[in-house]
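Read through the structure below, which is laid out as structure tokens, and then see the notes.
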Amino acid sequence: MRWFLGVVALSAMAVAASAQEAWRARLDSELDAATRVAVLAMVDSARVARLPAMALVNKALEGAGKRASGAQIVAAVQSLGGELRASRTALGHASRPDEITAGAHALHAGVDANALGKLRRVSVGRELTTPLTVLTDLVARGVPPAAASDAVITLTQAGLRDAGFSKFQQAVRLDIDHGADPASATRIRARGAVIGRGGAPRG
Amino acid sequence: MPEIDHNKLDEVVSELRRPTPLDASFDRRVMRAIRAVAMRPLRLISPLMPMPRWRVWSAFAAVAAGMLAVSVIPAFRSNPAQPVQFVLVAPEASTVQVVGDFNGWNARHAAFAAENRGGGVWTVTAPIPPGHHRYAFLVDDSLWVPDPTAPRVADEDFGHPNSALVVESAR
Chain A
1 MRWFLGVVAL SAMAVAASAQ EAWRARLDSE LDAATRVAVL AMVDSARVAR LPAMALVNKA
61 LEGAGKRASG AQIVAAVQSL GGELRASRTA LGHASRPDEI TAGAHALHAG VDANALGKLR
121 RVSVGRELTT PLTVLTDLVA RGVPPAAASD AVITLTQAGL RDAGFSKFQQ AVRLDIDHGA
181 DPASATRIRA RGAVIGRGGA PRG
Chain B
1001 MPEIDHNKLD EVVSELRRPT PLDASFDRRV MRAIRAVAMR PLRLISPLMP MPRWRVWSAF
1061 AAVAAGMLAV SVIPAFRSNP AQPVQFVLVA PEASTVQVVG DFNGWNARHA AFAAENRGGG
1121 VWTVTAPIPP GHHRYAFLVD DSLWVPDPTA PRVADEDFGH PNSALVVESA R
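So the sequence lines, in the order shown, correspond to chains A and B. Going by the numbering used here, the letters in the first sequence line up with residues 1 to 203, in that order. Going by the numbering used here, the letters in the second sequence line up with residues 1001 to 1171, in that order.
Written out as structure tokens, the structure is:
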């Protein structure tokens, strides 16, 4: 049986390898030779380091799609590679690829790596992709990174699930769109979400 | 060095050179055995393989099962896609395309071309694999617009902001 399962796994790996060939072909067709070589080197390094290398491929393809120069693409991929490493260090090596990618975006937005570590510590075993995505959104909408981190950590600690995080993000976005101060909107909506969970609000 | 008994040696050689008597059916039996092997090629190669024949057959079966599992049976797929609706209100637009991680930032992907449903409301529903994705709308092949209702990604490396999408696994 073990033998049988081993061969099934090898077959699945063969199919995955063919998918990999597809994105390599896309890079070949979208990037000039020098940019392609530099990007592939960074992608291979990320794969060796067991980082989510597809995030780098997507960044390069985004640059090509947006008609960025080769130098811009290489710089963006390099920057994201560093953020993926920092994200995994902060979130822990057992983190899922999507969590690491979402964490990298949070770091890029200006969130402190210590905040990511704290988020992981208060939510062991919980999938953090959505909380990290909401955290990045808050900072991108003008909420100071420390205030945004506090809110997301508090909500995660209170046991808010992904659907609750989505509602929280939408409420804060609408408040900001209507002219509210981003930090105040975040603090007030976070208190409301915690009360809604039956928890005691902080601050 | 011991002395060789040439007479004894000659006797042995002549005995070895003596034709072995074969019965009349020998040729027929050899040819039947060869034909039987030719009918089952696996028997022919099995002596070359350091594994029993049943293992060779089970390997073929396992490869077939693996291919079937990853390509046909949705439950075995690592990324069963979920339908996601994208909506943008753009009354002045002539074309709206959804472009992102899920389609390799390909602005010509037909499955992600939005349709004008009237009143300037552009929409498309497309299958998106589970996971974290970044995307944007490309209006009139020239203007990049983030999804106003989706979380933002602060990654304006190429001068245009993106939106984030997290698709949950169906399981």
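For glycine and all other residues, C-beta sits at the position ideal for the given N, C-alpha and C. Remember, it's a predicted structure, so these values are computed and weren't measured experimentally.
Inter-residue Cα distance where the pair is residue i and residue j
{"i": "Q1097/B", "j": "R173/A", "result": "24 Å"}
{"i": "T1123/B", "j": "A1093/B", "result": "12 Å"}
{"i": "R67/A", "j": "K59/A", "result": "12 Å"}
{"i": "I188/A", "j": "W1144/B", "result": "32 Å"}
{"i": "A158/A", "j": "T35/A", "result": "46 Å"}
{"i": "P1146/B", "j": "H93/A", "result": "32 Å"}
{"i": "Q170/A", "j": "V1099/B", "result": "23 Å"}
{"i": "E30/A", "j": "A22/A", "result": "12 Å"}
{"i": "I73/A", "j": "R1117/B", "result": "36 Å"}
{"i": "S1142/B", "j": "T1095/B", "result": "10 Å"}
{"i": "G1120/B", "j": "A1090/B", "result": "5 Å"}
{"i": "V124/A", "j": "L91/A", "result": "10 Å"}
{"i": "I100/A", "j": "G117/A", "result": "12 Å"}
{"i": "D28/A", "j": "G103/A", "result": "29 Å"}
{"i": "A1061/B", "j": "R1032/B", "result": "30 Å"}
{"i": "R120/A", "j": "D1140/B", "result": "42 Å"}
{"i": "R191/A", "j": "A146/A", "result": "16 Å"}
{"i": "A1081/B", "j": "F1102/B", "result": "10 Å"}
{"i": "T133/A", "j": "D32/A", "result": "32 Å"}
{"i": "S95/A", "j": "A151/A", "result": "21 Å"}
{"i": "V1030/B", "j": "V1037/B", "result": "11 Å"}
{"i": "D98/A", "j": "G179/A", "result": "32 Å"}
{"i": "L135/A", "j": "A1136/B", "result": "19 Å"}
{"i": "R1108/B", "j": "E127/A", "result": "34 Å"}
{"i": "R88/A", "j": "H105/A", "result": "12 Å"}
{"i": "G196/A", "j": "T156/A", "result": "13 Å"}
Bounding residues of the beta strand (DSSP E) (the contiguous stretch that carries residue i)
{"i": "A1164/B", "result": "N1162 to V1167"}
{"i": "R161/A", "result": "First-last for R161/A: undefined, no H or E at that position."}
{"i": "F1158/B", "result": "No beta strand (DSSP E) holds F1158/B; DSSP gives it neither H nor E."}
{"i": "W1105/B", "result": "Segment: none, W1105/B is in no beta strand (DSSP E) and carries neither H nor E."}
{"i": "P1083/B", "result": "Q1082 to V1089"}
{"i": "L1143/B", "result": "L1143 to V1145"}
Residue i - containing alpha helix (DSSP H), residue span
{"i": "V122/A", "result": "Element bounds for V122/A: n/a, residue is neither H nor E."}
{"i": "R47/A", "result": "A33 to V48"}
{"i": "L61/A", "result": "M54 to G65"}
{"i": "A71/A", "result": "G70 to L91"}
DSSP-derived helix/strand/coil call for residue i
{"i": "E99/A", "result": "helix"}
{"i": "S1014/B", "result": "helix"}
{"i": "E1115/B", "result": "strand"}
{"i": "I195/A", "result": "helix"}
{"i": "V134/A", "result": "helix"}
{"i": "W23/A", "result": "helix"}
{"i": "F1137/B", "result": "strand"}
{"i": "A1075/B", "result": "With a pLDDT of 44 at A1075/B, under the threshold of 50, the modelled position of this residue cannot be trusted; read the value that follows with caution. Three-state result, A1075/B: helix."}
{"i": "A1126/B", "result": "strand"}
{"i": "L174/A", "result": "helix"}
{"i": "V111/A", "result": "coil"}
{"i": "R141/A", "result": "coil"}
{"i": "G203/A", "result": "With a pLDDT of 45 at G203/A, under the threshold of 50, the modelled position of that residue is not reliable, and no figure is offered here."}
Short CB-CB distance (under 7 Å) between residue i and chain D
{"i": "Q78/A", "result": "No chain D is present in this structure, whose protein chains are A and B."}
Chain-order list of residues whose beta-carbon lies under 6 Å from that of residue i (same chain, five-residue window excluded)
{"i": "L51/A", "result": "L84"}
{"i": "G1104/B", "result": "none"}
{"i": "V39/A", "result": "A60 and V77"}
{"i": "F1086/B", "result": "V1098 and V1124"}
{"i": "A49/A", "result": "none"}
Contact set for residue i: own chain, Cβ-Cβ below 8 Å, skip 5 residues either direction
{"i": "K167/A", "result": "A193"}
{"i": "R1152/B", "result": "P1146, P1161, N1162, S1163 and A1164"}
{"i": "L56/A", "result": "V39, M42, V43, A46, V77, L80, G81 and L84"}
{"i": "A1170/B", "result": "P1080, Q1082 and P1130"}
{"i": "V1084/B", "result": "T1125, A1126, P1127, I1128, L1165 and V1167"}
Close beta carbons around residue i, own chain, < 7 Å, minus the five adjacent residues each side
{"i": "A86/A", "result": "L107 and A113"}
{"i": "R26/A", "result": "L61"}
{"i": "N1150/B", "result": "The question names Asn, yet the displayed sequence has Ala at residue 1150/B. S1163, A1164 and L1165."}
{"i": "A183/A", "result": "V143, P144 and A147"}
Would you say the stretch 1112-1129 of chain B touches the stretch 108-122 of chain A, given that touching needs at least three Cβ pairs under 8 Å? no
The stretch 1105-1116 of chain B / the stretch 1146-1164 of chain B touching (three or more Cβ pairs under 8 Å): Three or more Cβ pairs closer than 8 Å define a contact, and the stretch 1105-1116 of chain B falls short of that threshold against the stretch 1146-1164 of chain B.
If we count Cβ pairs, one from each stretch, closer than 8 Å, do we get three or more for the stretch 165-180 of chain A versus the stretch 1009-1018 of chain B? no
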